[in-house]
């Protein structure tokens with residue numbers, strides 16, 4: 075259980091770093107729709123990857 079908590083914390087920190095790096099630069103063509111679209115793509119890409127890693131980790135650790 076401790077391993078899963080540590081893994082979840084690492085994923086949260088990675089998501090924070092990615093989010094902060096995206097919002098760090100100023101975009102002259104900024105629009106809220108574009109921002110939401112970019113974040114949607116990132117999170118839709120991360121969620122399946124996280125699920126796969128968790129399932130594989132659960133399978134190989136237990």
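Residue numbers (our numbering): 75 to 136.
Where is the CB? At the ideal position from N, CA and C, for every residue including glycine.
Computed from a predicted structure; not experimentally measured.
Contact under 8 Å by Cβ, residue i with residue j
i: residue 92; j: residue 126; result: no
Contact belief for residue i with residue j at Cβ below 8 Å, rounded distance in angstroms
i: residue 77; j: residue 120; result: Incorrect: roughly 20 Å between the Cβ atoms, too far for contact.
i: residue 25; j: residue 124; result: Here the chain has residues from 75 to 136 only, and residue 25 is not among them.
i: residue 96; j: residue 112; result: 7 Å
Which of helix, strand or coil DSSP assigns to residue i
i: residue 104; result: coil
i: residue 93; result: helix
i: residue 76; result: helix
For residue i, the first and last residue of its enclosing alpha helix (DSSP H)
i: residue 136; result: Premise fails: residue 136 is in no alpha helix (DSSP H) and is neither H nor E.
Rounded C-alpha distance that separates residue i from residue j
i: residue 89; j: residue 103; result: 24 Å
i: residue 105; j: residue 83; result: 31 Å
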